[in-house]
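Student: Okay, handing you the structure first.
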Amino acid sequence: MSDNQNLLAEQRRALILDEVRRRGGVRVNELTRRLNVSDMTVRRDLDALARQGMVEKVHGGAVPVSEPSSHEPGFEAKSGLELSAKEDIAKAAARMAAPGGAIALAGGTTAFALAQQLLEVPDLTVVTNSVRVADVFYNAQRAAAGGAAPRAGAATVVLTGGVRTPSDTLVGPVADAAIRSLHFDVLFLGVHGISVEAGLSTPNLAEAETNRHFVRSARRVVVVADHTKWGTVGLSSFASLEDVDVLVTDRGLSAQAREEIAELPPELVVAGEPGDGTDL
Numbered sequence: 001m002s003d004n005q006n007l008l009a010e011q012r013r014a015l016i017l018d019e020v021r022r023r024g025g026v027r028v029n030e031l032t033r034r035l036n037v038s039d040m041t042v043r044r045d046l047d048a049l050a051r052q053g054m055v056e057k058v059h060g061g062a063v064p065v066s067e068p069s070s071h072e073p074g075f076e077a078k079s080g081l082e083l084s085a086k087e088d089i090a091k092a093a094a095r096m097a098a099p100g101g102a103i104a105l106a107g108g109t110t111a112f113a114l115a116q117q118l119l120e121v122p123d124l125t126v127v128t129n130s131v132r133v134a135d136v137f138y139n140a141q142r143a144a145a146g147g148a149a150p151r152a153g154a155a156t157v158v159l160t161g162g163v164r165t166p167s168d169t170l171v172g173p174v175a176d177a178a179i180r181s182l183h184f185d186v187l188f189l190g191v192h193g194i195s196v197e198a199g200l201s202t203p204n205l206a207e208a209e210t211n212r213h214f215v216r217s218a219r220r221v222v223v224v225a226d227h228t229k230w231g232t233v234g235l236s237s238f239a240s241l242e243d244v245d246v247l248v249t250d251r252g253l254s255a256q257a258r259e260e261i262a263e264l265p266p267e268l269v270v271a272g273e274p275g276d277g278t279d280l
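This is the structure we're talking about:
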């Protein structure tokens with residue numbers, strides 16, 4: 001990786017995290033050679049990843065953090081991770097929302113990034129079970145209106161009721177009943193984990209059931225998930241990859257994962273690469 005000495009810290013840490021997860025652990029001296037940076041730089045990167053809970057530092061290197069499948073990080077804990085990847089994914093996915101369409105937008109930090117891109121799509125009807133996503137539209141409309149009536153073309157936002165999760169998502173019977181009665185052109189769905197064997201999964205049992213209703217109510221399912229979600233498995237699976245029409249991810253996705261996805265139904269869109277639609 002001769003160009004890695006010029007990588008931004010966030011990009012470099014993403015590469016380190018990918019190596020840790022792929023190999024099950026790395027040593028500092030291996031990373032210094034591979035990334036062509038100093039020992040001190042690698043140690044600072046490992047310190048930053050350890051503070052974020054992404055790796056566990058051990059003598060001479062780092063290993064993956066072992067989390068129970070029922071562990072559910074809060075919104076704030078996830079919001080600072082993979083920021084550039086989520087922004088790229090959001091830009092690519094936003095092109096799949098047609099003006100005047102009825103879309104569903106489930107919870108999560110990638111969906112939150114997508115909501116900010118969808119502000120530019122006119123006349124949307126947005127159904128969401130994410131308090132954070134609803135706030136994106138509400139705050140934008142309030143700022144634009146300045147106390148007046150909503151501007152022409154502003155989205156109509158429907159927030160389901162339900163019980164709030166650590167991810168600020170509303171789930172449970174109330175949310176399920178609302179979603180069952182509706183029909184969406186497109187569902188944009190963030191996930192905790194995605195794999196060939198387990199499909200789409202989450203550590204929250206109630207959220208899994210709510211997501212099942214989202215998937216059943218949508219004509220088209222678009223999963224928005226950065227590369228770190230690949231290979232992660234939560235407590236409860238709620239859909240298979242056969243239920244997914246499009247998977248939008250980022251350039252950090254490994255070659256092995258791309259090969260596995262190529263044999264499955266979802267169309268793969270890699271944000272930031274040619275053909276992701278953002279250059280049109």
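For the sequence shown, UniProt numbering assigns the number 1 to the initial residue and increments by one for each residue that follows. Quick reminder that beta carbons are idealized off the backbone N, C-alpha and C, glycines included.
(1) According to DSSP, which residues form a beta bridge with residue 350?
(2) Can you tell me whether S217 is helix, strand or coil according to DSSP?
(3) What residues in its chain sit with their C-beta under 8 angstroms from that of V191, if we drop five residues either side in the sequence?
(4) Examine chain B for any beta-carbon lying closer than 8 angstroms to the beta-carbon of G272, and answer yes or no.
(5) Looking at the structure shown, is D250 part of a helix, part of a strand, or coil, going by DSSP?
(6) Short of 7 angstroms in beta carbon distance, which residues of its chain neighbour E263, apart from the five on each side in sequence? Order them along the chain.
(7) Quick check: what's the CA-CA separation for F184 versus F214?
(8) Do you know how far the Cα of R220 is from the Cα of E197?
(9) Mapping DSSP to helix, strand and coil, what is E87?
(10) For my contact list, S254 and D18 are in at a C-beta cut-off of 8 angstroms; report their separation, rounded to the angstrom.
(11) With the cut-off set at 8 angstroms, would you say L105 and F188 are in Cβ contact?
(12) With contact counted as at least three CB pairs below 8 angstroms, one residue from each stretch, are the region 130–137 and the region 150–165 in contact?
(13) Among residues of its own chain, excluding the 5 on either side of R27, which ones have a beta-carbon nearer than 6 angstroms to its beta-carbon?
(14) Please give me, in chain order, every unbroken run of the beta strand (DSSP E) with length at least 3 that falls completely inside the region 126–197.
(15) Hey, how far is the Cα of V233 from the Cα of P64?
(16) Assuming T156 and I179 make a contact with CB atoms under 8 angstroms, what is their CB distance in whole Å?
(17) Quickly, what does DSSP pair G199 with across the bridge? List them, please.
(18) Could you check where the beta strand (DSSP E) with A225 kicks off and where it finishes?
(19) Is R27 helix, strand or coil when you go by DSSP?
(20) Cβ atoms of G101 and V186: under 8 angstroms apart, would you say?
(21) Identify, in the order they occur along the chain, each residue of the same chain with its Cβ nearer than 6 angstroms to the Cβ of A90, setting aside the five sequence neighbours on each side.
Tutor: To lay it out plainly:
(1) The structure shown has nothing for residue 350, since the chain only spans 1 to 280.
(2) Three-state result, S217: coil.
(3) The residues are G108, L200, S201, T202, V223, A225, K229.
(4) Absent from the structure is chain B; it holds one protein chain and no more.
(5) strand
(6) none
(7) 9 angstroms
(8) 22 angstroms
(9) helix
(10) 7 angstroms
(11) yes
(12) yes
(13) G60, G61
(14) 156–159, 186–190, 193–195
(15) 14 angstroms
(16) At roughly 16 angstroms, the Cβ-Cβ gap does not stay under 8 angstroms, so T156 and I179 are not in contact.
(17) S195
(18) Segment: none, A225 is in no beta strand (DSSP E) and carries neither H nor E.
(19) The answer is strand: DSSP assigns R27 an E or B state.
(20) yes
(21) A113, L114, Q117
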